[in-house]
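*Asks:*
Number of protein chains: 2
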Amino acid sequence: MAKPIIVRNLHGQVVQELGRQIVGGEIAPGENLPREELLAERLKVSRTALREAMKVLSAKGLIESRQKTGTRVRDTVHWNQLDADVLAWRCASMPTEDFVEKLVEMRELIEPAAAAAAARRRNDEQLARIEAAYAAMAAATDPDAWSEADLAFHEAVLHATHNELMTSLFSVIEAALGSYFQLSASIAGNFSYSLPHHKKVLDAIRRRQPEVAREAMQKMVADSRSNIRRHAKKT
Amino acid sequence: MAKPIIVRNLHGQVVQELGRQIVGGEIAPGENLPREELLAERLKVSRTALREAMKVLSAKGLIESRQKTGTRVRDTVHWNQLDADVLAWRCASMPTEDFVEKLVEMRELIEPAAAAAAARRRNDEQLARIEAAYAAMAAATDPDAWSEADLAFHEAVLHATHNELMTSLFSVIEAALGSYFQLSASIAGNFSYSLPHHKKVLDAIRRRQPEVAREAMQKMVADSRSNIRRHAKKT
DNA sequence: AAGCCAGTTATGTATTACAAATAGAAGCCG
DNA sequence: CGGCTTCTATTTGTAATACATAACTGGCTT
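Residue numbers (our numbering), protein chains in the order written: chain A, 129 to 363; chain B, 129 to 363.
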């Protein structure tokens, strides 16, 4: 999983290449990129393709181009930290520990609030979707199936909040955490231990009990965190 | 304030124009855009400029291009809801009420958690920045100065969390809420009433009391919400 | 009827040429 | 000599053109 990131287009590849280099720190903020003509030649692409890629990076806040001055890497405060690509590049480049910490912190922030909101606003169809995901988790016999159902569960909860900003934030965080998350779940004997937690969340949402749902989700996420920590120490 | 969004470049204008149309619903998801050649002619720009704009919109998840098939508007679930531009377009187009609701919900989610994290992890320099912002608020004599200092206060708190994901999320939300926020603050006699709230948050962060900081911030944001609601009803 | 094949049509890429902005050097003037 | 203007060189911005490539369509073949 973790998104194959198969890029069909040439400029897409260039975006990946340059984005990785910038976020990875190979080109420091404040530094200038080579002029377009040169860079295009170096990357073996036309200036057209290069420029299309640069517009994308520009939209992500990574670079800034001005005539005569050239193109420079912007300070990190201007980066769209919540962009899926930027996040992915950071995951690929950073000494994971403290960055995962930050991602987990975000998750612990979102999910309990989402569970509460879902308990307040869910409709029957959305509840059914959560229940279906729970059933799939209970029926899972291998880590992969369980992992997939788990993700579906959380997505269904987020969807029930009726707040697409929250949904979007979650999906971004989750995508970045994906690999670690899945790892922790796939530790032998570990998978499915959190089923009771999910049950509590589900019940609270069904009964429309926001605070109960929040607490249950909080516990679940805290558990998951210590799980990841434990696994991280092993490696 | 609220970001003038002055776009120097041609393709930047095209991005704004098309983005607004798509998010505003003038071109529905699933629908195809005219072919590049036609659209370029219609917008009075070259195909080159148009394509650079389309790559940006593509990066924001709004559209998807394939050879022969053409370019179609993607379903809203694929949109980068947390992108500053997308958010701005939504603000400009939507019947504000329920959307502001969602933004406020996000803010209520972030800020208390941020205050708690700041109380836990702030260093002296960051505390000083928060204190400076507070002092500026206390000294403000007109709504504009107060508003500016207020924003600086919140930004300083976010910065003290040492979690740039949180900072980034806040700045996006805040930018979108900006106009409404400022409106509510500029209601005569209203401005500066929330100073005591800010004092409580500041003190808690100074004393490194996460839970106290969280609660104080929670109250403050809840107050601000009822404020916005009250103002919204008037209009 | 099923499946293969070519032709049509959209986007994708490359190339060339010129426009516009601006940093920095050169020149001008008090 | 210092400060101002102007001029030029350089880099990105925009346009126009040509061709490559993918994929849908429809007809042909078996």
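All C-beta atoms in this analysis are idealised placements derived from N, C-alpha and C, irrespective of residue type, glycine included.
Please list, in chain order, the chain A residues whose beta carbon lies closer than 9 Å to that of Asn208(B).
*Replies:* Asn208, Leu210, Asp211, Ala212, Ser296, Val300
*Asks:* Quick one, which of Leu305(A), Ser320(A), Ala277(A), Gln144(A) has its alpha-carbon nearest Ala187(B)'s?
*Replies:* Gln144(A)
*Asks:* Is it the case that the Cβ atoms of Ala341(B) and Ala277(B) are separated by a distance below 9 Å?
*Replies:* no
*Asks:* Closer than 8 Å, Cβ to any Cβ of chain A: which residues of the region 216 to 235 of chain B, in chain order?
*Replies:* Lys230, Leu231, Glu233, Met234
*Asks:* Ignore the nearest five residues each way along the sequence and tell me which others in His290(A)'s own chain have a CB closer than 6 Å to its CB.
*Replies:* Arg249
*Asks:* So, is the C-beta of Arg200(A) closer than 9 Å to a C-beta in chain B?
*Replies:* no
*Asks:* Rounded to whole angstroms, what's the CA-CA distance from Ala263(B) to Ala244(B)? Just pull it up for me.
*Replies:* 21 Å
*Asks:* Taking Thr269(B) as the reference, give the member of Leu237(B), Leu323(B), Thr295(B) with the closest Cα.
*Replies:* Leu323(B)
*Asks:* For a contact meaning CB atoms closer than 7 Å, what does His139(A) contact in chain B?
*Replies:* What His139(A) touches in chain B, judged by beta-carbon distance under 7 Å, is Lys183, going in chain order.
*Asks:* Which of the residues in the region 260 to 278 of chain A, read from start to end, lie with their CB under 8 Å from any CB of chain B?
*Replies:* none
*Asks:* Is the distance from the Cβ of Ile258(B) to the Cβ of Leu237(A) below 9 Å?
*Replies:* It is not a contact, given that the beta carbons lie outside the stated cut-off.
*Asks:* Excluding the five sequence neighbours on either side, which residues of its own chain have a C-beta within less than 8 Å of the C-beta of Leu171(B), listed in chain order?
*Replies:* Val142, Glu145, Leu178
*Asks:* Could you tell me whether the region 187 to 201 of chain A touches the region 159 to 170 of chain A, where touching means 3 or more Cβ pairs closer than 8 Å?
*Replies:* yes
*Asks:* Of all Cβ atoms in chain A, is any one closer than 9 Å to the Cβ of Ala241(B)?
*Replies:* The C-beta of Ala241(B) comes closer than 9 Å to at least one C-beta of chain A.
*Asks:* With a threshold of 7 Å on Cβ separation, who are the neighbours of Ala181(A) within its own chain once the five nearest residues in sequence on each side are excluded?
*Replies:* His139, Val142, Val143, Leu146.
*Asks:* As an exercise, report each continuous alpha helix (DSSP H) stretch of at least 4 residues that is fully enclosed by the region 283 to 307 of chain B, in chain order.
*Replies:* None, since the region 283 to 307 of chain B contains no complete alpha helix (DSSP H) of that length.
*Asks:* Which residue from Glu233(B), Glu253(B), Arg335(B) puts its Cα closest to that of Asp351(B)?
*Replies:* If we check each option's Cα against that of Asp351(B), Glu233(B) comes out closest.
*Asks:* Quick one: what's got a C-beta closer than 8 Å to Leu185(A)'s C-beta in the same chain, skipping five residues either side?
*Replies:* Val143, Leu146, Gly147, Ile150, Ile191
*Asks:* Would a check of beta-carbon distances place Leu161(A) closer than 9 Å to chain B?
*Replies:* no
*Asks:* If Ala304(A) sits next to Cys219(A), beta carbons under 8 Å apart, how far is it from one beta carbon to the other, in whole angstroms?
*Replies:* 5 Å
*Asks:* Would you please state the rounded distance, in angstroms, between the beta carbons of Met265(B) and Phe281(B)? I believe it to be under 8 Å.
*Replies:* 6 Å
*Asks:* If you measure from the beta carbon of Val173(A) to each beta carbon in chain B, is any gap under 9 Å?
*Replies:* no
*Asks:* From which residue to which residue does the alpha helix (DSSP H) around Arg170(A) run?
*Replies:* 164 to 171
*Asks:* With C-beta atoms as the reference, is Glu302(A) less than 9 Å away from Arg357(A)?
*Replies:* no
*Asks:* Rounded to whole angstroms, how far is the Cβ of His287(A) from the Cβ of Gln254(A), which I believe are closer than 8 Å?
*Replies:* 6 Å
*Asks:* Closest by CA to Val349(A), which one among Val329(A), Ser221(A), Val135(A)?
*Replies:* Val329(A)
*Asks:* Hey, which unbroken runs of the beta strand (DSSP E) at 3 residues or more fall wholly within the region 253 to 277 of chain A?
*Replies:* none
*Asks:* Determine the direct distance from the alpha carbon of Glu229(B) to that of Trp217(A), and round the result to whole angstroms.
*Replies:* Near 33 Å, if we compare the C-alpha coordinates of Glu229(B) and Trp217(A).
*Asks:* Please confirm whether Leu210(A) and Val214(B) have their CB atoms less than 9 Å apart.
*Replies:* no
*Asks:* Please work out which residues of its chain come closer than 6 Å, Cβ to Cβ, to Pro240(B), disregarding the five sequence neighbours upstream and downstream, and give them in chain order.
*Replies:* Arg342, Met345, Gln346
*Asks:* Could you check what DSSP says for Glu159(B) in three-state terms: helix, strand or coil?
*Replies:* coil
*Asks:* Answer with yes or no whether the minimum CB distance from Leu146(B) to chain A is below 9 Å.
*Replies:* By the rule that beta-carbons nearer than 9 Å mark a contact, Leu146(B) does not touch chain A.
*Asks:* Within 9 Å (strictly less), CB to CB, does Leu237(A) reach chain B?
*Replies:* Interface residue, yes.
*Asks:* What is the DSSP secondary structure of Met129(B), reduced to helix, strand or coil?
*Replies:* Caution is warranted here: a pLDDT of 42 is assigned to Met129(B), below 50, making its placement in the model unreliable, and the coordinate value is therefore given only provisionally. Three-state DSSP puts Met129(B) in coil, outside helix and strand.
*Asks:* With a threshold of 9 Å between beta carbons, is Asn251(A) in contact with chain B?
*Replies:* no
*Asks:* Since Lys196(A) and Lys183(B) should fall inside the 8 Å C-beta cutoff, what is the C-beta to C-beta distance between them, to a whole number of angstroms?
*Replies:* With 8 Å as the limit, Lys196(A) and Lys183(B) do not qualify as a contact, their Cβ atoms being about 24 Å apart.
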